[in-house]
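4 protein chains.
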Amino acid sequence: MNEQRSRAHAPQARRRLPREEREQQIMDCAIRVFAQRGYSAASVDEIAELAGVSKPLVYLYLESKEGLFLACLHREEGRLVAAFQNAATEVGTSELRLWAGLRAFFGFVSDHKDSWAVLHRQAPGLGDAMAAEITRARRAVLTEVRTLVREGIELGGGSGHLGDADADFVAHALVGAADSLTDWMERYPEESPDRVTLRLMGMVWVGMRQILGGEVWTPPGGLEGGAFEGGTGVAGAA
Amino acid sequence: MNEQRSRAHAPQARRRLPREEREQQIMDCAIRVFAQRGYSAASVDEIAELAGVSKPLVYLYLESKEGLFLACLHREEGRLVAAFQNAATEVGTSELRLWAGLRAFFGFVSDHKDSWAVLHRQAPGLGDAMAAEITRARRAVLTEVRTLVREGIELGGGSGHLGDADADFVAHALVGAADSLTDWMERYPEESPDRVTLRLMGMVWVGMRQILGGEVWTPPGGLEGGAFEGGTGVAGAA
Amino acid sequence: MNEQRSRAHAPQARRRLPREEREQQIMDCAIRVFAQRGYSAASVDEIAELAGVSKPLVYLYLESKEGLFLACLHREEGRLVAAFQNAATEVGTSELRLWAGLRAFFGFVSDHKDSWAVLHRQAPGLGDAMAAEITRARRAVLTEVRTLVREGIELGGGSGHLGDADADFVAHALVGAADSLTDWMERYPEESPDRVTLRLMGMVWVGMRQILGGEVWTPPGGLEGGAFEGGTGVAGAA
Amino acid sequence: MNEQRSRAHAPQARRRLPREEREQQIMDCAIRVFAQRGYSAASVDEIAELAGVSKPLVYLYLESKEGLFLACLHREEGRLVAAFQNAATEVGTSELRLWAGLRAFFGFVSDHKDSWAVLHRQAPGLGDAMAAEITRARRAVLTEVRTLVREGIELGGGSGHLGDADADFVAHALVGAADSLTDWMERYPEESPDRVTLRLMGMVWVGMRQILGGEVWTPPGGLEGGAFEGGTGVAGAA
DNA sequence: AATGAATGAGGGTTCATTCAT
DNA sequence: GATGAATGAACCCTCATTCAT
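Chains as they are written, first to last, in our numbering: chain A, 32 to 269; chain B, 32 to 269; chain C, 32 to 269; chain D, 32 to 269.
If you want it as structure tokens, here you go:
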């Protein structure tokens with residue numbers, strides 16, 4: 032049932048590495064497996080085999096499957112946040128700041144698909160402690176994006192400021208869109224991450240500024256003007 | 032938010048239902064469990080218990096865990112697609128069409144969180160047959176959205192038309208944003224799905240039309256004009 | 032794991048047969064399944080399906096899987112014994128009597144492979160009650176053969192008589208040989224059961240008479256004469 | 032003779048054996064259980080318990096129930112064939128060769144009843160892969176016997192030679208007889224395997240040579256001469 | 001005469017985890 | 001620094017069997 036394990040680039044670093052190095056190497060492999068199978072379906076066996084070490088070593092260094100996952104989660108969270116902050120400090124002001132951030136975000140998600148999958152695509156229901164940690168990590172990412180959005184827009188000439196809810200809204204939408212667009216990129220491999228960033232900026236920039244300005248889109252004709260008073264058109268399930 | 036199976040609304044319909052009814056009821060429960068735990072971590076035992084039936088009955092009617100999941104997948108896919116198409120046929124022309132579609136989409140995703148989780152949030156790596164089916168289902172949803180986008184924009188006054196890649200891009204971005212926004216809604220429960228739809232329309236509508244018009248957003252100062260020639264700012268992992 | 036079920040000639044006698052008839056029909060199907068899969072691997076489901084009836088009917092008429100098997104066992108035992116006795120009474124005296132018996136035996140085993148498999152090829156370990164019954168049935172068959180052998184040889188001109196042990200020996204050897212030869216016949220389908228009987232008679236007839244005469248074969252050179260005092264040449268296991 | 036697992040000689044070698052040793056020990060136990068219950072009715076649980084190890088260890092070393100069975104099958108096949116070949120090489124020529132072979136065969140079957148049961152008494156219908164392997168193993172045994180028969184008789188002074196069909200016939204008959212005679216031996220425990228071998232040789236030796244000479248036994252009075260034209264005396268079933 | 005609905009019990013298999021070296 | 005040996009617990013699935021009609 033596990034047909035898709037590509038043994039291709041297994042970083043089989045044999046024999047007697049210092050602990051720190053081994054830990055990193057195990058985490059590298061773990062991320063790949065967690066990304067490919069999801070936390071529950073991933074097996075410590077496969078991770079150990081991919082890393083070329085025995086299972087007890089994994090436990091010796093990383094404590095447990097959960098500990099291993101959390102270690103990966105934290106490491107990749109740090110990397111992604113660092114990417115953001117790098118990008119932000121490189122740029123002075125204005126919308127360029129948002130753009131640079133998005134670009135960094137997109138570059139990261141595109142370069143490190145497995146990291147992103149570990150951060151964002153794990154199924155729920157993994158036990159209380161982990162659920163909390165995952166939530167926290169996602170929130171950290173969202174917070175970065177939100178900060179970026181807020182600063183970008185405010186600095187970029189906006190007169191007002193985004194409320195928390197608004198900024199969160201935009202951040203969620205951006206992160207979700209970016210996540211989904213990683214799939215899109217797989218179908219159009221000729222598009223570079225940077226092109227994708229530009230497309231996404233083009234798609235949302237104006238709208239973001241409108242939200243900033245307090246404008247709300249309304250359907251031509253008005254909300255109560257006609258055909259739409261009739262519910263969502265969704266047939267209820269169950 | 033995990034681990035404690037809330038027995039609250041369990042549709043415990045005891046004793047001797049006709050097959051068709053039981054199947055639906057089992058699927059109702061299965062969707063809840065699959066959504067909460069993910070496919071791998073979900074146990075047929077828990078599903079059966081939630082449905083108030085014995086495990087063998089689940090297998091008698093739904094063949095296997097995989098069969099059960101696929102049955103859920105197909106049912107919810109059908110429901111979501113139906114919601115789309117209902118909404119589309121209710122509206123004549125113009126951007127209203129897109130809005131109605133998005134609204135239906137959003138209403139559905141918001142009303143049937145579990146269905147959406149089954150359709151869109153399952154971890155990868157579930158075996159070949161299932162992976163293919165999940166991919167197909169997701170593509171079906173994306174196709175609906177893409178059609179909507181294209182029709183909405185073309186009818187809405189656009190002079191040109193969206194290429195496949197463009198329309199796909201927008202569809203991916205919209206679906207991803209909407210997905211992510213279901214999380215946002217959980218943090219702001221006072222926002223109705225319809226308000227969220229309006230927000231999202233506001234955020235993307237103008238930009239979509241710009242993409243339609245062939246415009247590409249560029250950073251002020253130009254792409255090569257200064258601070259940005261230096262890569263993505265992302266430190267490589269591994 | 033059940034690739035070899037040939038649905039071909041299923042005697043699907045539909046609708047409302049009198050009990051006696053249904054019982055026989057179910058047993059017909061049961062014998063096929065028991066022969067093909069062995070008692071343990073046979074499933075009541077498959078038997079019921081093959082018979083075109085519902086499972087509860089099988090239980091209503093035959094009590095249990097064990098009861099069903101025993102019913103088959105007894106029926107086929109009776110048929111085989113009857114075949115023997117028919118053959119025996121048709122013939123007056125002498126070795127012809129043995130030949131006729133063997134012929135009947137062989138004809139039966141060849142015609143009713145499934146019956147024979149139920150009688151003789153079931154794995155052991157089926158519970159105490161059944162083990163006893165199977166042993167009894169096999170013994171019944173062996174008793175028939177032994178009687179035949181004894182009468183055949185005594186009548187056929189033997190001066191002495193076979194002791195119980197001798198007769199049993201011959202009977203066992205004959206039955207085992209015949210059983211194994213049903214496999215041989217499958218590889219040489221052009222050989223009729225009657226030809227096989229003649230071959231077997233040719234192979235054992237003289238020897239049987241020698242055993243009768245009390246002769247014991249000894250290796251040329253004598254039992255202690257040379258190379259053989261050294262054990263069986265069998266390497267011990269474990 | 033069933034149901035009560037005799038703990039008597041259980042080779043309970045506790046604690047930390049090297050893999051190879053454990054494997055052999057597990058197989059020893061497995062052979063006992065497979066012989067007693069048959070493949071389908073045997074449970075890995077019982078095998079593990081008998082071996083004094085946990086179930087997962089069985090799977091770790093032997094892959095699966097099927098793998099475990101096949102490993103046993105191959106090991107015992109090898110042992111039996113080795114016994115044959117040992118015996119054969121110990122003897123120069125003539126019928127002694129056949130006798131030695133039969134003696135080895137008989138000694139083996141008598142000493143290793145469980146091995147023989149695994150090789151020869153498994154119910155059919157065990158899935159395609161296993162059925163093929165079992166068939167192959169049985170054929171290997173038959174081939175040994177056939178070779179022995181052919182060499183034994185040819186060297187033993189026969190002028191002609193046995194055709195394939197003839198040799199196969201004899202081999203089947205011998206193997207079947209020997210199989211069945213293991214049951215006989217249980218009822219007459221005072222008979223040594225060597226005595227049984229002699230009896231069997233006496234019973235078949237002359238006849239084998241006659242088959243070799245092309246002679247076919249015919250009933251006194253001829254085949255069509257009288258009472259026998261009337262079929263087999265077998266009432267057809269179904 | 002016959003069946004659709006349903007289950008207790010148990011079997012094969014896997015997995016995270018530990019022990020002893 | 002690292003591993004070979006081993007297991008408790010849980011999971012997917014099947015099967016003989018019964019209930020209610």
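Idealized CB from N, CA, C, for every residue including glycine.
Residues within the segment 195-210 of chain C neighbouring chain D, beta-carbon criterion of under 9 angstroms
A196, D197, D199, F200, V201, A202, H203, A204, L205, V206, G207, A208, A209, D210
Are the CB atoms of L133(A) and M232(A) nearer to each other than 9 angstroms?
As a first step, residue 133(A) must be located in the first sequence, where it is residue number 102. As a first step, residue 232(A) must be located in the first sequence, where it is residue number 201. Going by C-beta atoms, L133(A) is nearer than 9 angstroms to M232(A).
Close Cβ partners of L173(D) (< 8 angstroms) along its chain, the five nearest in sequence each way excluded
Position 142 of the fourth sequence, counting from 1, holds the residue named residue 173(D). Same-chain partners within the cutoff: D199, A202, H203, V206.
Identify whether R17(B) lies in helix, strand or coil by the three-state DSSP scheme.
In the structure as shown, chain B begins at 32 and stops at 269. Residue 17(B) is therefore absent and cannot be evaluated.
Selection from Y90(B), P49(B), V176(B), L101(B) that minimises the alpha carbon distance to I62(B):
Start at 1 with the first residue of the second sequence, and residue 62(B) comes out as number 31. In this structure, L101(B) is the residue among Y90(B), P49(B), V176(B), L101(B) with its C-alpha nearest to the C-alpha of I62(B).
Within chain B, the residues that R181(A) reaches when beta carbons sit closer than 7 angstroms:
By one-based count along the first sequence, residue 181(A) stands at place 150. The contacting residues do not exist; R181(A) stays about 15 angstroms from chain B at best.
Express the C-alpha separation of A154(A) and A72(B) in angstroms, rounding to a whole number.
Taking the second sequence and counting its residues from 1, one reaches residue 72(B) at position 41. Taking the first sequence and counting its residues from 1, one reaches residue 154(A) at position 123. Looking at the two C-alpha atoms, the distance is approximately 9 angstroms.
Strictly below 8 angstroms CB to CB, what residues from chain D border E246(C)?
As a working mapping, residue 246(C) is identified with position 215 in the third sequence. Listed along the chain, the chain D residues whose CB falls inside 8 angstroms of the CB of E246(C) are G233.
Quick check on the DSSP output: what are the complete alpha helix (DSSP H) runs of length 4 or more inside the segment 200-252 of chain B, in order along the chain?
224-243
Quick check on the burial criterion: 16 or more other C-beta atoms within 10 angstroms. Buried or exposed for G238(B)?
For the purposes of this step, residue 238(B) is identified with residue 207 of the second sequence, where counting begins at 1. G238(B) comes out buried.
Candidates I78(D), P250(D), V247(D): closest to Q55(D) by CA position:
Working through the fourth sequence from its first residue, we reach residue 55(D) at position 24. Of the listed residues, the one whose Cα sits closest to Q55(D) is I78(D).
Residue range of the unbroken alpha helix (DSSP H) whose run includes S146(D)
Start at 1 with the first residue of the fourth sequence, and residue 146(D) comes out as number 115. Note, S146(D): alpha helix (DSSP H), 144-151.
Assigned exposure category for T3(C) - 16 Cβ within 10 Å defines buried
The structure shown does not extend to residue 3(C), since chain C spans only 32 to 269, so no value can be given for it.
Within 10 angstroms of its Cβ, does S141(C) collect 16 or more other Cβ (buried), or is it exposed?
By one-based count along the third sequence, residue 141(C) stands at place 110. So S141(C) counts as buried.
Under the three-state DSSP convention, the category P49(C) falls into:
Mapped onto the third sequence, residue 49(C) falls at position 18. Reduced to three states, the DSSP call for P49(C) is coil.
Which residues bound the alpha helix (DSSP H) around E77(A)?
By one-based count along the first sequence, residue 77(A) stands at place 46. Per DSSP, E77(A) belongs to the alpha helix (DSSP H) from 75-82.
By how many angstroms is the C-alpha of E107(A) removed from the C-alpha of M161(B)?
Numbered from its first residue, the second sequence carries residue 161(B) at position 130. Numbered from its first residue, the first sequence carries residue 107(A) at position 76. Spanning the two alpha carbons is a distance of roughly 29 angstroms.
Note the first and the last residue of the continuous alpha helix (DSSP H) segment covering Y70(B).
For the purposes of this step, residue 70(B) is taken as the residue at position 39 of the second sequence. Segment: none, Y70(B) is in no alpha helix (DSSP H) and carries neither H nor E.
From R110(C), E80(C), S74(C), residue whose alpha carbon lies closest to that of K96(C)
Working through the third sequence from its first residue, we reach residue 96(C) at position 65. Per the Cα distances, S74(C).
What is the rounded straight-line gap between the Cα of L229(D) and the Cα of V64(C)?
The count along the fourth sequence starts at 1 and reaches residue 229(D) at position 198. The count along the third sequence starts at 1 and reaches residue 64(C) at position 33. Roughly 39 angstroms between the two C-alpha positions.
Confirm the yes/no value for this check: CB of Q55(B), any heavy atom of the ligand PLP, distance under 8 angstroms.
In the structure on display, the ligand PLP does not appear, and there are no ligands present to speak of.
If you measure from the beta carbon of P251(B) to each beta carbon in chain A, is any gap under 9 angstroms?
Walking along the second sequence from the start, residue 251(B) turns up at place 220. With 9 angstroms as the cut-off, P251(B) counts as an interface residue toward chain A.
Are C60(B) and L81(B) closer than 9 angstroms when you measure CB to CB?
What you label residue 60(B) is simply residue 29 of the second sequence in a count that begins at 1. What you label residue 81(B) is simply residue 50 of the second sequence in a count that begins at 1. Against a cut-off of 9 angstroms, the Cβ pair of L81(B) and C60(B) comes out as a contact.
Beta-carbon separation of A209(B) and F115(B) under 9 angstroms?
Mapped onto the second sequence, residue 209(B) falls at position 178. Mapped onto the second sequence, residue 115(B) falls at position 84. No; because the gap between Cβ atoms is not below 9 angstroms, this pair is not in contact.
Using a Cβ-Cβ distance cut-off of 9 angstroms, determine whether Y219(B) contacts chain A.
In the second sequence, the residue the question calls residue 219(B) occupies position 188. Closer than 9 angstroms: yes.
Below-9 angstroms beta-carbon distance, W147(D) vs any chain C residue
As a working note, residue 147(D) is residue 116 in the fourth sequence. It does not; no Cβ of chain C falls within 9 angstroms.
Are L129(D) and V180(D) touching if we call contact CB-CB under 9 angstroms?
Residue numbering aside, residue 129(D) sits at position 98 when the fourth sequence is read from its first letter. Residue numbering aside, residue 180(D) sits at position 149 when the fourth sequence is read from its first letter. With respect to V180(D), L129(D) sits close: the two C-beta atoms are nearer than 9 angstroms.
Residues in its own chain within less than 8 angstroms of E94(C) by CB, not counting five upstream and five downstream?
By 1-based counting over the third sequence, the position of residue 94(C) is 63. Result list for E94(C): empty, nothing under 8 angstroms.
Secondary structure of P87(B), DSSP reduced to three states
Position 56 of the second sequence holds residue 87(B). P87(B) falls in the helix class under three-state DSSP.
Have a look at G109(C) and E175(C) and give me their C-alpha separation to the nearest angstrom.
In the third sequence, counting from the first residue as 1, residue 109(C) sits at position 78. In the third sequence, counting from the first residue as 1, residue 175(C) sits at position 144. Cα to Cα, the separation comes out at about 12 angstroms.
Contacts that D214(C) makes with chain D (C-beta to C-beta distance below 7 angstroms)
Here the question's residue 214(C) lines up with position 183 in the third sequence. The contacting residues are H203.
Helix, strand or coil: which one does DSSP assign to S138(B)?
The sequence position of residue 138(B) within the second sequence is 107, counting from 1. For the record, residue 138(B) in the displayed sequence is Gly; it is not Ser. Correct three-state label for G138(B): helix.
Using a threshold of 9 angstroms, state whether the C-beta atoms of A131(A) and A119(A) are closer than that.
Position 100 of the first sequence, counted from the start, is the residue given in the question as residue 131(A). Position 88 of the first sequence, counted from the start, is the residue given in the question as residue 119(A). A contact, by the Cβ cut-off of 9 angstroms.
Can you check which of these residues, K144(D), L111(D), P251(D), is closest to S211(D) by C-alpha distance?
Taking the first residue of the fourth sequence as position 1, residue 211(D) is located at position 180. Checking every option, the nearest Cα to that of S211(D) belongs to K144(D).
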